[in-house]
Amino acid sequence: MLDALINAFTPFNLALALIGVFLGTIIGALPGLSATMAVAVLVPFTFTLDPASGLIALGAVYTGAIYGGAYAAILVNTPGTPAAIATALDGFPMAKRGDGDLAVTMSCFASAVGGVIGALFLLVLAPPLATIALRFGPVEYFWLAIFGLSLIAVLSKGATLKGLIGGFIGLGLSTIGSAVVGGDVRYTFDSPALLGGIHIIPALIGLYCIPVLLNMVGTRDPHIERASAGKGSRIGDAIGLMWRSKFNLIRSSVVGTVIGILPAAGGAVAGLVAYSEARRTSSHKEDFGKGAPDGVIASESANSATVGGGFVPTLVLGIPGTPPDAIILGGLMVQGIRVGPQLFTEQASTVYTFIFGLLIATVIMVPVGLLIGRTAFKTISSIPKSALAPAIGALIMIGSYAVEQNPNHVVMMVILGAFAWGAARYGFEPSPVVLGLILGPIAEQGFVQGYLIGNASGNLFAEFFGRPISLGIIFVIALTLLWPLWAERRARSKVDVLND
Amino acid sequence: MTMTRRDFGKGVLGLSVGAAALGAPTILRASAYPDRAVNYIVAYNPGGESDVTARMQQRYFKDIAGQSLVIVNKPGAGGATAWAQLNGFDPDGYTIMGTIVPHIILQPAMKKVGYQTDDIDVVYFFHYTPDAIVVKADSPYRTLNDLIEDTKARPGAVTFGGSGINSANHLASEIFADMTGAITTYIPFKGSAPTITAVLGGQVAAAMSYTTQGVKAGEQVRTLAVATEERVSALPDAPTFKELGFDYVGGAYRGVAVPKNTPDDVRSSLSEIIGQINKNADFQAQMNAAGYQVVDVAMPDVPAFIEERRAAYAPAIKRLRDA
Chain H
-6 MLDALINAFT PFNLALALIG VFLGTIIGAL PGLSATMAVA VLVPFTFTLD PASGLIALGA
54 VYTGAIYGGA YAAILVNTPG TPAAIATALD GFPMAKRGDG DLAVTMSCFA SAVGGVIGAL
114 FLLVLAPPLA TIALRFGPVE YFWLAIFGLS LIAVLSKGAT LKGLIGGFIG LGLSTIGSAV
174 VGGDVRYTFD SPALLGGIHI IPALIGLYCI PVLLNMVGTR DPHIERASAG KGSRIGDAIG
234 LMWRSKFNLI RSSVVGTVIG ILPAAGGAVA GLVAYSEARR TSSHKEDFGK GAPDGVIASE
294 SANSATVGGG FVPTLVLGIP GTPPDAIILG GLMVQGIRVG PQLFTEQAST VYTFIFGLLI
354 ATVIMVPVGL LIGRTAFKTI SSIPKSALAP AIGALIMIGS YAVEQNPNHV VMMVILGAFA
414 WGAARYGFEP SPVVLGLILG PIAEQGFVQG YLIGNASGNL FAEFFGRPIS LGIIFVIALT
474 LLWPLWAERR ARSKVDVLND
Chain A
99 MTMTRRDFGK GVLGLSVGAA ALGAPTILRA SAYPDRAVNY IVAYNPGGES DVTARMQQRY
159 FKDIAGQSLV IVNKPGAGGA TAWAQLNGFD PDGYTIMGTI VPHIILQPAM KKVGYQTDDI
219 DVVYFFHYTP DAIVVKADSP YRTLNDLIED TKARPGAVTF GGSGINSANH LASEIFADMT
279 GAITTYIPFK GSAPTITAVL GGQVAAAMSY TTQGVKAGEQ VRTLAVATEE RVSALPDAPT
339 FKELGFDYVG GAYRGVAVPK NTPDDVRSSL SEIIGQINKN ADFQAQMNAA GYQVVDVAMP
399 DVPAFIEERR AAYAPAIKRL RDA
């Protein structure tokens, strides 16, 4: 293992990690350009490298791209990747009140901590952890998605009924196109353009970014407050805040790692679950959604931890944990590396060189991220809105198109954006809609497959309610849903006592 | 200036082509085609079998044709999104697309997908990914016969995972049922990788999948039968259906198609280039190691091949339509 460590520190591998993180961060920062795309573009270049170096380059790009999503989320309220949705919830309010620099710096540290914790799990516990991925069958994914939908209560910021309506709109939109299981064509009105359904990335861009863009040109206020002079990156403040929420940081990183291991969940679910846990356990619940640093820390550490977590099933079982992992897996096959449990013994030097390389890349992300973040913050807070708005407008058009080189996505993005802008005037948040859109297919697929399997085994009830992991998730759902009712009741009885 | 949606698309596509063309070596060839980079649209996400095999071709295309092959992924609706758009591209041979039989036969037969089988002008089928039945390494099914016996003892209780509904795997399950009398419950998953995950996790009893998945999962799984003429070199222990007494050879046949009205000389040049890639020993070795079977169905033989396949699938398609 020592050889692997030394190998990871060769100047060439260090340079690859640096360049990879830099490129990844830039790509991730642009709306519509995702980690998956960054990795896909780079894979052919790694064929000429030795496998460990190739993996380091890809891992670095991937880590950087997941982190880069935070800039757009914080500074423009556009989570360019689904993983950054929860970051925007508190990051953008922070930027609006002038703490954008602090939020960007904090997200950098939180990402690095999350990334390191995820990679450490990969280093130490990969083979046993991989079995978690296998224990999750269709029914477990169904319950996990239902748990995710319970987060609507968290995301609707008090207006629960409006949140529920938004969630149902999202679920409805997720049924457009060919069904996840079964392939029945639904609600396409015979238009081939709708056959592929509503793609999540153009939807994200439209729902979050168009309202911001319209408000930017519709009001006189500056887009975000400029940093007051002499504040710089506010590294000291950020470290202080992180130290105070160290438990949040570690819990969110572990949540991110575990959810990263589950092949069908991914960064968006990890960020949202960590966010809602941070809010549930916080003593300042009311600050969440209004610029709570804890929200940014939870989301960013969790989504970066999914990188290490996602590599667990990828390397141990050959099952890609996340979409970028699927591409990396394809690249490994071309290089003739057979993944599987034997990889950690037969190709130990390659695997451990890569894991150390990933750790190094995550650490390199701190200076790179601080530098890019500072530049991004200064640029966005100082260029006039008359230049910023058209620039963002052009970027999101290209971004929506680039996802699948599909012009229909641009149209969809604009329509959903107009809808979100209208709905926002009546107090509807975009987040519940997005949640429905992301979780709808996971829930549907899990339910239909679980139903088919349960029917084949002749015991449908046991399939859904008789499996230990399912029962655990059902318990957590019940807790999440009943906790606020109980807490409210207790609070009310206290008020009643006072009123008497 | 008004910019139509297609012009916008071309602009962005042009950028990527331009970037790729910078790196192309200048090799003089007799035919004029291709004299610039060729866009190769893959109708699936990166990492899948269509994408992986296209990327394997990519390198040799450059060696043989002297121009880059730029892979563009356009996934959606099980490939239908891209195939429905095929004839909207310029018929000049600089936009080509990967296609799959049975998908392009099955999809239009089952529902309205925006194209018909005859709309897809395939110039070459270059390989097939053979069907294979895969179970977990510690499964009670040691042989295909164990599996068939169990499906007869408990009709419908044995679950078969596969990628998608009305897909190659679904069709193969139907053909398998016709052939052996086995009554199974088909559980569709979103792709081959989740199907194998479900096998490893014990969520389904077996997978009607491909040889490539048996290769990828290695010692964690056992491949009970493969649908090839001869045993697959990457899975030497897996018997063929023929050895076991079932006359069945098949899988997903991948080809390269061009938009309608592409000039004949361009079509035959392209067909010839793909054929030459297939002859390359390194390419064959790479394909075989991953579990693919290289086949050569060149341009003149394509219509007959599609007709033959259509006839072979007809009974199973009829059953699926009536279901």
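Residue numbers (the working numbering), protein chains in the order written: chain H, -6 to 493; chain A, 99 to 421. For every residue, glycine included, the Cβ atom is placed at its ideal position computed from N, Cα and C. Source: prediction; values computed, not measured.
Could you tell me the boundaries of the beta strand (DSSP E) in which residue i lies?
| i | result |
| --- | --- |
| A/R419 | Premise fails: A/R419 lies in the alpha helix (DSSP H), V400 to D420, not in any beta strand (DSSP E). |
| A/T197 | T193 to V199 |
| A/Q391 | Q391 to V395 |
| A/T321 | V319 to V324 |
| A/K234 | D219 to K234 |
| A/I169 | L167 to N171 |
| A/N137 | V136 to V140 |
| A/M306 | A304 to Y308 |
| H/R213 | Here H/R213 belongs to no beta strand (DSSP E), and DSSP marks it neither H nor E. |
Cβ of residue i within 9 Å of Cβ of residue j?
| i | j | result |
| --- | --- | --- |
| H/V300 | H/T56 | yes |
| A/G316 | A/I285 | no |
| H/I373 | H/G302 | no |
| A/V232 | A/T321 | yes |
| H/G93 | H/I217 | yes |
| H/G84 | H/V289 | yes |
| H/G61 | H/I391 | no |
| H/R244 | H/A271 | yes |
Against chain A, does residue i count as a neighbour if the rule is that its beta carbon must be under 9 Å from one of theirs?
| i | result |
| --- | --- |
| H/V14 | no |
| H/D183 | yes |
| H/F304 | no |
| H/G190 | yes |
| H/R273 | no |
| H/Q398 | yes |
| H/E481 | no |
| H/A222 | At H/A222 the pLDDT is 48, less than 50, meaning the model places this residue with poor confidence; the figure from the coordinates comes in the next sentence. No, H/A222 lies away from the interface with chain A (no Cβ there is under 9 Å from its Cβ). |
| H/Q340 | no |
| H/L310 | yes |
Determine whether the Cβ of residue i lies closer than 9 Å to any Cβ atom of chain H.
| i | result |
| --- | --- |
| A/A119 | Per-residue confidence for A/A119 stands at a pLDDT of 41, beneath the threshold of 50, marking its modelled position as unreliable; the derived number appears in the next sentence. No, A/A119 lies away from the interface with chain H (no Cβ there is under 9 Å from its Cβ). |
| A/G300 | yes |
| A/E406 | no |
| A/R329 | no |
| A/N171 | yes |
| A/K416 | no |
| A/I371 | no |
| A/K288 | yes |
Please state whether DSSP places residue i in a helix, a strand or coil.
| i | result |
| --- | --- |
| H/L68 | helix |
| A/R127 | Note that A/R127 scores 45 on pLDDT, short of 50, meaning its location in the model is unreliable and no value can be drawn from it. |
| A/G112 | For A/G112, the pLDDT reaches just 41, beneath the cut-off of 50, and the residue's location in the model is therefore unreliable, although a value from the coordinates is still provided. Reduced to three states, the DSSP call for A/G112 is helix. |
| A/D149 | helix |
| A/Q156 | helix |
| A/H268 | helix |
| H/K371 | helix |
| H/T315 | coil |
| H/S100 | helix |
| A/Y284 | strand |
| A/A122 | Only weak support is given to the placement of A/A122: the predicted model assigns it a pLDDT of 40, under 50, and the question is left unresolved by the model. |
| H/V441 | helix |
| A/F258 | strand |
| H/R128 | helix |
| A/G373 | helix |
Kindly list, in the order they appear in chain H, the residues whose Cβ is closer than 8 Å to that of residue i.
| i | result |
| --- | --- |
| A/P206 | By Cβ distance, chain H contributes nothing, its closest Cβ being about 12 Å from A/P206, past 8 Å. |
| A/A255 | A449, S450 and G451 |
Within the continuous alpha helix (DSSP H) that includes residue i, where are the two ends?
| i | result |
| --- | --- |
| H/S310 | Going by the sequence as given, residue 310 of chain H is Leu instead of Ser. Counting along the chain, the alpha helix (DSSP H) containing H/L310 begins and ends at P286 to L310. |
| H/H402 | P400 to R418 |
| H/S245 | K239 to I254 |
| A/N243 | L242 to A251 |
| H/F5 | P4 to A22 |
Mind pulling the chain H residues with CB within less than 9 Å of residue i?
| i | result |
| --- | --- |
| A/E317 | G333, P334 and Q335 |
| A/A291 | P256, G311, I312, P313, A319 and L322 |
List, in chain order, every chain H residue whose beta-carbon is nearer than 7 Å to that of residue i.
| i | result |
| --- | --- |
| A/I285 | Q442, L445 and I446 |
Which residues of chain A have a Cβ atom closer than 8 Å to the Cβ of residue i, listed in chain order?
| i | result |
| --- | --- |
| H/R128 | G299 |
If you measure from the beta carbon of residue i to each beta carbon in chain C, is any gap under 9 Å?
| i | result |
| --- | --- |
| A/P228 | Absent from the structure is chain C; the protein chains it does hold are H and A. |
How would you list, in chain order, the residues of chain A whose beta-carbon sits under 9 Å from the beta-carbon of residue i?
| i | result |
| --- | --- |
| H/I320 | N143, P144, G145 and D149 |
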